[in-house]
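Colleague: For the sequence shown, the positions run 11 to 370 when our numbering is used. What follows is a structure written as structure tokens; I'll ask about it next.
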Amino acid sequence: MKKIAIGIVAYNAESTLQKVLDRIPAAVREKVAEVVVFDDESKDKTYEVAREYKETHPHFTNLSVYRNPYNLGYGGNQKRLYRYCIEKGYEIVVLLHGDGQYAPEALPELLAPLERGEAEAVFGSRMMTKGGARAGGMPLYKFVGNKILTFYENRMLGMSLTEFHSGYRLYSVRALASIPFEKNTNDFHFDTEIIVQFHAKAFRIKELPIPTYYGDEICYVNGMKYAADVACAVLQYKLHEFGVRNFSKYDVGQKHYSFKRDRHSSHGRVIRMIPKSGQRILDVGCGPEDLTLHLKKDGNEIVGVDFEAATGLGDVRTFIQKDLERDFELGYGREFDTILFLDILEHLKDPERVLARARD
Numbered sequence: 011m012k013k014i015a016i017g018i019v020a021y022n023a024e025s026t027l028q029k030v031l032d033r034i035p036a037a038v039r040e041k042v043a044e045v046v047v048f049d050d051e052s053k054d055k056t057y058e059v060a061r062e063y064k065e066t067h068p069h070f071t072n073l074s075v076y077r078n079p080y081n082l083g084y085g086g087n088q089k090r091l092y093r094y095c096i097e098k099g100y101e102i103v104v105l106l107h108g109d110g111q112y113a114p115e116a117l118p119e120l121l122a123p124l125e126r127g128e129a130e131a132v133f134g135s136r137m138m139t140k141g142g143a144r145a146g147g148m149p150l151y152k153f154v155g156n157k158i159l160t161f162y163e164n165r166m167l168g169m170s171l172t173e174f175h176s177g178y179r180l181y182s183v184r185a186l187a188s189i190p191f192e193k194n195t196n197d198f199h200f201d202t203e204i205i206v207q208f209h210a211k212a213f214r215i216k217e218l219p220i221p222t223y224y225g226d227e228i229c230y231v232n233g234m235k236y237a238a239d240v241a242c243a244v245l246q247y248k249l250h251e252f253g254v255r256n257f258s259k260y261d262v263g264q265k266h267y268s269f270k271r272d273r274h275s276s277h278g279r280v281i282r283m284i285p286k287s288g289q290r291i292l293d294v295g296c297g298p299e300d301l302t303l304h305l306k307k308d309g310n311e312i313v314g315v316d317f318e319a320a321t322g323l324g325d326v327r328t329f330i331q332k333d334l335e336r337d338f339e340l341g342y343g344r345e346f347d348t349i350l351f352l353d354i355l356e357h358l359k360d361p362e363r364v365l366a367r368a369r370d
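As structure tokens, then:
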């Protein structure tokens, strides 16, 4: 059984927090290692309500309550939660909101894909059930804005999520530990940036339908600013992906690019530049096999180097697993006719050093 934590981020939620805790299914509460409330220096009695709940519900033995020494912001409060779960050695973290907008009753279904190892993130989507969002009280302007932003994000990122803006999320803690979420904003578009990071890391994201509930809670999100921040975060990733400008929050490791089949593409031109046969080729940042197969069929000998392990290519190329940032000593004892750096050199912190090693 995986070690699970439920994290409740709360701000000015004194009227709703107790109901959220009450609604966590008993079967879920009993199997999770800890339910932890992080009050983000609320101006009301959220922290006191949480402490009183803990004292008056002694059977709720795995409930912890913390108050931030100052307001960290929506994103900052999540950062504290995820750091906490990483340090505690949890394997799955559930993100719940203290305002009661997301139904704890849906937790068994949402947890299942992570427990079975089928995804690195599970999102509860209010848009998967046709008409459900509006029937649940989502204001028309929020519904339209959600749809427009989700369409933009899907088109820019090449994804197909039904909703980018649900705050009901469950993550693999190991996956969180592998991305630089600490560099993300402390504001509300933290949720967008973490989706982009999971996408860039090629993590599996699964959506499941959840009911929509809008009560009399106060919304602290400035809609226009949020939309602009979301659009900017996605644009920053595209600039980073194209190598126009570096944004360190999107340095999530070496993501492999798709093989560019057009003869006028960078890959097509490289293939035409290399002599047709008898070449010893070192392909640095080799990634998937598509380019290797094109070079191999011309009778060349291919040695691939990459950060991530390759499988299934033992009869096509020799593979060496290396972290180029730390060590480019191949220990191979021979020279190459051609060394390729395709879609990799611009992502290195010290490309001059790596090029000097390649020349040697």
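Where a beta carbon is used, it is the ideal one built from N, C-alpha and C, also for glycine.
From the DSSP output, read off the bridge partner residues of phenylalanine 133.
Modeller: Bridge partners of phenylalanine 133: Arg179, Glu217.
Colleague: Helix, strand or coil for isoleucine 189 per DSSP?
Modeller: In the structure shown, isoleucine 189 sits in coil (DSSP, three-state: anything other than H, G, I, E or B).
Colleague: What do you get for glutamate 97, buried or exposed, if any count of 16 or more other CB atoms within 10 angstroms of its CB means buried?
Modeller: So glutamate 97 ends up on the exposed side.
Colleague: Can you look up valine 4 in the DSSP assignment and give me helix, strand or coil?
Modeller: Outside the displayed range of the chain (11 to 370) lies residue 4, so it cannot be described from this structure.
Colleague: Taking the alpha helix (DSSP H) that alanine 145 belongs to, which residues open and close that run?
Modeller: Start and end: 142-145.
Colleague: Can you name the residues that DSSP bridges to histidine 107?
Modeller: Looking at the DSSP assignment, histidine 107 forms a beta bridge with Val19.
Colleague: Which residue comes first and which comes last in the alpha helix (DSSP H) that contains aspartate 49?
Modeller: Element bounds for aspartate 49: not the alpha helix (DSSP H) but the beta strand (DSSP E), 44-49.
Colleague: Consult DSSP for aspartate 353 and reduce its assignment to one of helix, strand or coil.
Modeller: Residue state, collapsed to three classes: coil.
Colleague: Quick one: residues in its chain with C-beta nearer than 6 angstroms to the C-beta of asparagine 81, no 5 flanking neighbours on either side, listed in chain order?
Modeller: Closer than 6 angstroms at Cβ, skipping near neighbours: Asp50, Glu51.
Colleague: Who are the near neighbours of glycine 322 in its chain, counting only those whose CB is closer than 6 angstroms to its CB and skipping five residues on each side?
Modeller: Confidence is the limiting factor: at glycine 322 the pLDDT is only 48, short of 50, which leaves the residue's position unreliable and the question unanswerable from this model.
Colleague: Between glutamate 163 and lysine 89, how many whole angstroms is the CB-CB distance? I'm expecting something under 8 angstroms.
Modeller: That pair is no contact at about 22 angstroms.
Colleague: When burial is assigned at 16 or more other CB atoms within 10 Å of the CB, is isoleucine 149 buried or exposed?
Modeller: Per the sequence shown, residue 149 should be read as proline rather than isoleucine. Proline 149 is exposed by the Cβ-count criterion.
Colleague: Output the boundary residues of the beta strand (DSSP E) element that contains leucine 73.
Modeller: Run containing leucine 73: 73-77, per the beta strand (DSSP E) assignment.
Colleague: Can you give me the C-alpha to C-alpha distance between proline 68 and phenylalanine 48, rounded to a whole angstrom?
Modeller: When rounded, the distance between both Cα atoms is 19 angstroms.
Colleague: Take the Cβ of lysine 245 as the centre, count every other Cβ of all protein chains shown within 10 Å, and call the residue buried at 16 or more, exposed below.
Modeller: Per the sequence shown, residue 245 should be read as leucine rather than lysine. Leucine 245 comes out exposed.
Colleague: Quick one: using the 10 Å Cβ neighbour count with 16 as the cut-off for buried, is cysteine 296 buried or exposed?
Modeller: The residue in question, cysteine 296, is buried, as its Cβ has 16 or more Cβ neighbours within 10 Å.
Colleague: Tell me, please, whether the segment 105-116 touches the segment 70-81 by the rule of three or more beta-carbon pairs shorter than 8 angstroms.
Modeller: The segment 105-116, when compared against the segment 70-81, does not touch it at the 8 angstroms Cβ threshold.
Colleague: Just verifying my parser: in three-state terms, what is the DSSP assignment at glycine 155?
Modeller: Helix at glycine 155.
Colleague: Does the beta carbon of serine 25 come closer than 8 angstroms to any beta carbon on chain D?
Modeller: The structure shown contains no chain D, having only a single protein chain.
Colleague: So what does DSSP say about glycine 314, is it helix, strand or coil?
Modeller: In this structure, glycine 314 counts as strand in the three-state DSSP scheme.
Colleague: Among Arg369, Asn310, Ile34, which has the Cα closest to the Cα of leucine 105?
Modeller: Residue Ile34 is the option with its Cα nearest to leucine 105.
Colleague: State whether the segment 201-214 contacts the segment 274-286, with contact taken as three or more CB pairs (one from each stretch) at a distance under 8 angstroms.
Modeller: Short answer: they don't touch.
Colleague: Let me make sure I understand the geometry here. Which of Ala143, Gly168, Gly147, Leu167 has the alpha-carbon closest to that of lysine 157?
Modeller: Minimum Cα distance to lysine 157 is reached at Ala143.
Colleague: Taking only three categories from DSSP, how would you classify glutamate 362?
Modeller: The answer is helix: DSSP assigns glutamate 362 an H, G or I state.
Colleague: In angstroms with no decimal places, state the Cα-to-Cα distance between tyrosine 223 and alanine 145.
Modeller: Each residue's Cα considered, the two are about 9 angstroms apart.
Colleague: How would you write the range of the beta strand (DSSP E) that arginine 290 sits in, first residue to last?
Modeller: Per DSSP, arginine 290 belongs to the beta strand (DSSP E) from 290-294.
Colleague: Would a C-beta distance cut-off of 8 angstroms place isoleucine 102 and valine 183 closer than the cut-off?
Modeller: Yes, the pair counts as a contact, with Cβ atoms nearer than the cut-off.
Colleague: Since isoleucine 14 and valine 46 are thought to touch, with beta carbons under 8 angstroms apart, how far apart are those beta carbons, to the nearest angstrom?
Modeller: Actually they do not touch by this definition, with Cβ atoms about 11 angstroms apart.
Colleague: When DSSP labels each residue in this structure, what does phenylalanine 252 get in the three-state scheme?
Modeller: Reduced to three states, the DSSP call for phenylalanine 252 is coil.
Colleague: Quick one: using the 10 Å Cβ neighbour count with 16 as the cut-off for buried, is serine 176 buried or exposed?
Modeller: Per the 10 Å Cβ criterion, buried.
Colleague: To the nearest angstrom, report how far apart isoleucine 189 and tyrosine 92 are at their CA atoms.
Modeller: Using only the alpha carbons, I get a separation of about 11 angstroms.
Colleague: Mapping DSSP to helix, strand and coil, what is phenylalanine 329?
Modeller: Strand, per DSSP.
Colleague: Since isoleucine 14 sits in a beta bridge, which residues does DSSP pair it with?
Modeller: Beta-bridge pairing links isoleucine 14 to Ile102.
Colleague: Identify the continuous alpha helix (DSSP H) that holds phenylalanine 198 and give its terminal residues.
Modeller: From DSSP, phenylalanine 198 is part of no alpha helix (DSSP H); its letter is neither H nor E.
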